[in-house]
Amino acid sequence: MTFMVRSQCVNIYGNVTDAYTGKPVAGVLINQKMKGKSQPLSRTSATGQYQVSLACGAESLTLEAKGFRSQNLPVNPIGQATGNGFQVPVKLVPIDKQASDQPYFQEQQQFVSISNGLSKSVQRATRLFEVTDALTGKNVAAELCLFYTKSGKKDCQQLSAGKSGYEVDFTSSDIVAIEVKAKGYQDYLGNLIMDQLDNKRSKYQIRLSAQFNILSVTVNAAGQKVDCQLSGSNPIALASTDGIHFSSEIPVPGNYKLAVKSESGAILHSKALTASNGMNLYAVKVHSPRIAEKPELLVTAIESKPRTIYFDKSDYKLRAESKPVLDTLASWLNQNPSGYLKIIGHTDNVGNSKLNLTLSEYRARLAYYFLEQRGADVSRVTYTGKGDAFPAAPNDIEANKKKNRRVEIQLFNKP
Numbered sequence: 016m017t018f019m020v021r022s023q024c025v026n027i028y029g030n031v032t033d034a035y036t037g038k039p040v041a042g043v044l045i046n047q048k049m050k051g052k053s054q055p056l057s058r059t060s061a062t063g064q065y066q067v068s069l070a071c072g073a074e075s076l077t078l079e080a081k082g083f084r085s086q087n088l089p090v091n092p093i094g095q096a097t098g099n100g101f102q103v104p105v106k107l108v109p110i111d112k113q114a115s116d117q118p119y120f121q122e123q124q125q126f127v128s129i130s131n132g133l134s135k136s137v138q139r140a141t142r143l144f145e146v147t148d149a150l151t152g153k154n155v156a157a158e159l160c161l162f163y164t165k166s167g168k169k170d171c172q173q174l175s176a177g178k179s180g181y182e183v184d185f186t187s188s189d190i191v192a193i194e195v196k197a198k199g200y201q202d203y204l205g206n207l208i209m210d211q212l213d214n215k216r217s218k219y220q221i222r223l224s225a226q227f228n229i230l231s232v233t234v235n236a237a238g239q240k241v242d243c244q245l246s247g248s249n250p251i252a253l254a255s256t257d258g259i260h261f262s263s264e265i266p267v268p269g270n271y272k273l274a275v276k277s278e279s280g281a282i283l284h285s286k287a288l289t290a291s292n293g294m295n296l297y298a299v300k301v302h303s304p305r306i307a308e309k310p311e312l313l314v315t316a317i318e319s320k321p322r323t324i325y326f327d328k329s330d331y332k333l334r335a336e337s338k339p340v341l342d343t344l345a346s347w348l349n350q351n352p353s354g355y356l357k358i359i360g361h362t363d364n365v366g367n368s369k370l371n372l373t374l375s376e377y378r379a380r381l382a383y384y385f386l387e388q389r390g391a392d393v394s395r396v397t398y399t400g401k402g403d404a405f406p407a408a409p410n411d412i413e414a415n416k417k418k419n420r421r422v423e424i425q426l427f428n429k430p
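Structure follows, in structure tokens:
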């Protein structure tokens with residue numbers, strides 16, 4: 016399959032996992048919807064990771080995988096969210112496969128010949144239909160409709176979250192179509208092969224997938240450690256792995272207040288926002304008292320060439336081979352009280368120069384944070400991004416462009 020990518024507006028990345036087991040889901044097809052038309056962008060890797068570039072004006076992302084329910088994510092930028100990377104982890108719920116005497120997804124329908132297979136004395140089957148949340152198992156208020164193939168009868172019932180469900184007496188074998196709708200959930204379209212008239216009572220669970228809602232925030236904090244929290248009746252702390260990208264699922268769409276706090280708890284930024292269904296994307300820049308560039312008049316370089324680590328295209332995640340390099344530098348810094356490090360991020364010349372400048376700073380900042388996490392004294396570390404202004408090789412072929420997607424780290428010492 017050939018994937019099409021239009022002019023980049025915003026980068027989305029994350030991992031896709033099985034909602035029940037937490038295991039990564041490989042090969043998930045990710046499509047974007049533009050002006051009502053669906054366009055394939057990418058598939059998840061063997062470890063469930065993905066990264067896509069949404070075109071400006073993209074309406075939604077849809078994730079599809081064999082054996083799982085599809086997930087549609089409307090795109091909701093909050094303010095000027097373009098040009099920033101956003102972390103969006105997604106969970107997929109497995110489908111219900113075709114089986115006798117159990118509801119299953121209509122897309123799983125295969126040819127079936129209905130046969131009672133029991134003695135003539137068996138006349139009925141009593142089944143209780145319950146509608147539940149696929150993840151929590153709690154009852155959900157919903158409209159349940161049954162469509163009988165033989166008679167053409169339609170039976171619709173309103174189920175409340177407090178009731179046990181809807182009980183039906185089946186007196187003949189049939190294939191029954193099931194349609195369930197509930198606020199905040201994706202519609203359920205299923206079938207039931209009723210061929211077990213066993214004179215028994217049993218229960219069916221119709222498991223609904225909740226509409227996936229998430230807030231993803233990218234924070235440019237100029238080197239500060241920050242936390243993000245949504246206030247409300249139940250405050251929600253946004254999770255982050257790099258101190259830059261924060262995200263959290265939102266139980267219901269509505270009005271929230273976002274607070275970005277410093278390590279000491281001081282509020283650096285607050286924003287009243289309205290979260291909608293799907294992906295809510297917000298980028299914020301906060302000011303820091305830390306000066307990114309420090310005077311270098313009193314220090315001299317102690318190596319002729321800087322240490323260099325490299326990055327994948329349009330990415331600022333650390334490669335596995337980069338971490339030992341940074342570990343060595345963290346140890347050197349701690350063993351040399353007069354030592355200083357200067358971190359400079361670079362990119363190739365593909366794409367918008369302003370976005371490349373931001374990407375280069377993110378790469379440098381990530382190296383800075385890694386050193387800090389390793390216990391290095393980062394008061395003797397500076398970082399900055401230079402974008403595509405200082406290539407290490409001509410930006411003519413891919414092999415050379417790889418050399419330009421880098422971070423250089425220069426060692427200094429007091430004279």
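Quick note on numbering: our numbering labels position 224 of the sequence shown as 239, and the sequence is numbered without any gaps.
Here a beta-carbon is modelled for each residue, glycine too, at the ideal position from N, C-alpha and C.
Please read all numbers here as calculations on a predicted model, not as lab measurements.
Answer yes or no: do residue i and residue j have a C-beta to C-beta separation smaller than 7 Å?
| i | j | result |
| --- | --- | --- |
| residue 195 | residue 221 | yes |
| residue 293 | residue 88 | yes |
| residue 244 | residue 252 | yes |
| residue 102 | residue 73 | no |
| residue 295 | residue 91 | yes |
| residue 401 | residue 358 | no |
| residue 422 | residue 379 | yes |
| residue 345 | residue 395 | no |
| residue 174 | residue 161 | no |
| residue 155 | residue 107 | no |
| residue 86 | residue 185 | no |
| residue 285 | residue 274 | yes |
| residue 200 | residue 118 | no |
| residue 246 | residue 272 | yes |
| residue 120 | residue 181 | no |
| residue 268 | residue 425 | no |
How should residue i be labelled, buried or exposed, when 16 other C-beta atoms within 10 angstroms of its C-beta is the threshold for buried?
| i | result |
| --- | --- |
| residue 171 | exposed |
| residue 38 | exposed |
| residue 289 | exposed |
| residue 266 | exposed |
| residue 204 | exposed |
| residue 250 | exposed |
| residue 83 | buried |
| residue 153 | exposed |
| residue 35 | exposed |
| residue 157 | buried |
If you run the structure through DSSP and keep just helix, strand and coil, what is residue i?
| i | result |
| --- | --- |
| residue 343 | helix |
| residue 306 | The pLDDT assigned to residue 306 is 38, lower than 50, so where the model puts this residue is not dependable, and the model offers no usable value. |
| residue 143 | strand |
| residue 273 | strand |
| residue 395 | helix |
| residue 150 | coil |
| residue 216 | strand |
| residue 371 | helix |
| residue 52 | strand |
| residue 338 | helix |
| residue 331 | coil |
| residue 382 | helix |
| residue 278 | coil |
| residue 173 | strand |
| residue 24 | strand |
| residue 138 | coil |
| residue 297 | strand |
Rank the options by C-alpha distance to the C-alpha of residue i and give the top, closest one.
| i | options | result |
| --- | --- | --- |
| residue 140 | 388, 223, 216 | 216 |
| residue 351 | 76, 120, 428 | 428 |
| residue 278 | 288, 258, 270 | 258 |
| residue 231 | 105, 224, 262, 210 | 262 |
| residue 187 | 201, 138, 152, 413 | 138 |
| residue 163 | 197, 146, 189, 145 | 189 |
| residue 61 | 32, 69, 50, 36 | 32 |
| residue 408 | 399, 420, 397 | 420 |
| residue 66 | 397, 50, 81, 25 | 25 |
Any heavy atom of the ligand COA closer than 6 Å to the Cβ of residue i?
| i | result |
| --- | --- |
| residue 299 | As far as ligands go, the structure on display features none, and thus does not contain the ligand COA. |
Please name the residue or residues paired with residue i in a DSSP beta bridge.
| i | result |
| --- | --- |
| residue 104 | Note: residue 104 sits in no beta bridge, so no partner. |
| residue 415 | The partner list for residue 415 (beta bridge, DSSP) is empty, contrary to what the question assumes. |
| residue 326 | Looking at the DSSP assignment, residue 326 forms no beta bridge with any residue, so it has no partner. |
| residue 194 | 160, 204 |
| residue 400 | 360 |
| residue 77 | 46, 87 |
| residue 263 | 230 |
| residue 93 | 297 |
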